[in-house]
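Residue numbers (this note's numbering): 190 to 359.
All C-beta atoms in this analysis are idealised placements derived from N, C-alpha and C, irrespective of residue type, glycine included.
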Amino acid sequence: MKKLLFILIILALWTIPVAKEVEASSVSFETLPIVSVGESLDVIVITETDGALINSIEMTVDYDESLLSFSGYGDKNTMIQFWIDPPHQKDGKIFFSGIIPGGVLGLYDARVAKLAPLPLVYLFFETKSEGRANFSFVDSKILQHDGVGTPMLHEKIETDVIIKNNPNNS
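This is how it looks when you write it as structure tokens:
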């Protein structure tokens, strides 16, 4: 009887699914690492969905108003097709929310044979003074296209841009 119980326990443990290694879902920024004072700076907000179908976002981005001036946004070649609240600035933060009708899970990149990050919106800035400008997410909600709008768990990745004096602006 003990031998049978031992075999049943081993079989039960053997059939328990093992957690597979997955890439984490995230939201982050793509931009130049270094720019000069007086230059324009384009920042792309992107997300990695880890294969989850998403259909809406709501985000608040923090930036340093003493170093940067928000000058607008662009949505050409991005996933957000309809803005509920277009990107706008208030007190050093940029707020926006939008939807993706029908949802999207990623863009296939044949060079690496996997899904590439999704561009959500382009944020445009003018550099004002020298320093290290940080971009971070105060809040970010990404909802799945699963019929109930399940929030997608994701990492919020910030980035820094170094703004240096331009010797030609003397």
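Close-in-space but distant-in-sequence residues of the same chain around E219 (CB under 7 Å, 5 per side omitted): Hits under 7 Å: I233 and I235.
Might you give, ordered along the chain, the residues of its own chain that have their beta carbon closer than 7 Å to the beta carbon of S261, omitting 5 neighbours on each side? Reading off the sequence shown, one finds Gly at residue 261, where the question assumed Ser. For G261, where only same-chain residues beyond five positions count, the Cβ hits under 7 Å are F313.
With DSSP collapsed to three states, give me the class of P306. coil
Contact under 8 Å by Cβ, S329 with M248: yes
Residues of its chain near K279, where Cβ-Cβ distance is below 6 Å and the 5 sequence neighbours each way are ignored: Around K279, the same chain offers no residue with a beta carbon nearer than 6 Å, after the five sequence neighbours per side are excluded.
Just list the residues that DSSP pairs L242 with in beta bridges. The bridge partners DSSP lists for L242 come to none.
How about F259 and D274: do their beta carbons lie closer than 8 Å? no
Please determine, among E315, E254, A322 and F271, the residue with the shortest C-alpha to C-alpha distance to D231. E315
Suppose contacts are defined by Cβ-Cβ distances below 8 Å. Is L256 in contact with K353 by that definition? no
Give me, in chain order, the residues of the same chain whose beta-carbon lies closer than 7 Å to that of L342; leave out the 5 immediate sequence neighbours on both sides. S214
Enumerate in chain order the residues of its own chain whose CB-to-CB distance from G292 is below 7 Å, with the five nearest sequence positions on each side excluded. Once the five neighbours on either side are set aside, the close Cβ partners of G292 are L242, I243, N244 and H334.
Contacts around I340, its chain only, beta-carbon distance under 8 Å, and the 5 residues preceding and following it disregarded: The sequence as given places Pro at residue 340; Ile does not occur at that position. Closer than 8 Å at the Cβ level, and outside the excluded window around P340, lie K330, I331, L332 and Q333.
Under the assumption that G227 contacts E254 (Cβ atoms under 8 Å), give the Cβ distance between them as a whole number of angstroms. About 16 Å separates the two Cβ atoms, so there is no contact after all.
Would you report the Cα separation of G336 and L294, rounded to the nearest angstrom? 15 Å
Is R321 helix, strand or coil by DSSP? strand
Span of the beta strand (DSSP E) holding T348? T348 to K353
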